[in-house]
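Since the structure comes first, as structure tokens, the remarks are kept for the end.
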């Protein structure tokens with residue numbers, strides 16, 4: 001995959017979205033509710049009410065990509081660390097984990113250890 005195709009940021013939308021929305025509806029949601037430019041180099045990630053479907057809206061050069069994934073007999077585990085924000089930012093690895101079905105809420109990295117002295 002070309003590096004110029006990859007998004008600079010990944011923003012996950014907090015609320016479930018009607019999956020009948022297509023490019024125009026999702027780009028309007030990004031502009032109106034998130035006050036973001038839907039034609040920037042950001043991937044906007046949306047989940048359905050039943051958490052079985054995900055759509056990703058991405059602008060590429062001169063048009064939109066709309067990616068759609070539906071899982072059978074499973075659900076996506078939506079992050080729960082939004083706080084008061086409408087979106088959270090993920091890195092590419094976290095997005096891959098989310099789309100592969102991992103629960104990001106339970107995945108925590110090791111804590112940094114700082115030693116005052118060494119052996």
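Residue numbers (full-length UniProt numbering): 1 to 119.
Where a beta carbon is used, it is the ideal one built from N, C-alpha and C, also for glycine.
Because the structure is a prediction, the values reported are computed rather than measured.
Handout entry: Strand pairing of residue 69, partner residues [DSSP]
Key = 54
Exercise for the section: Give the DSSP-derived three-state secondary structure of residue 1 in the structure shown. Expected result: Any reading at residue 1 must be qualified, since the residue scores a pLDDT of 47, below 50, and its modelled position is unreliable; the value itself is stated next. Note: residue 1 maps to coil in three-state DSSP.
Exercise for the section: Just the C-alpha distance for residue 31 and residue 56, rounded to the nearest angstrom, thanks. Expected result: 15 Å
Practice task
Below 6 Å CB to CB, which residues in the same chain sit around residue 1 once its five sequence neighbours on both sides are set aside?
Solution key: The pLDDT assigned to residue 1 is 47, lower than 50, so where the model puts this residue is not dependable; a value taken from the coordinates is nonetheless given after this. No residues qualify anywhere along the chain.
Exercise for the section: Grab the span of the alpha helix (DSSP H) containing residue 95 for me, first residue to last. Expected result: That run of the alpha helix (DSSP H) goes 92-100.
Practice task
Check whether the Cβ atoms of residue 10 and residue 66 sit closer than 8 Å, and answer yes or no.
Solution key: No.
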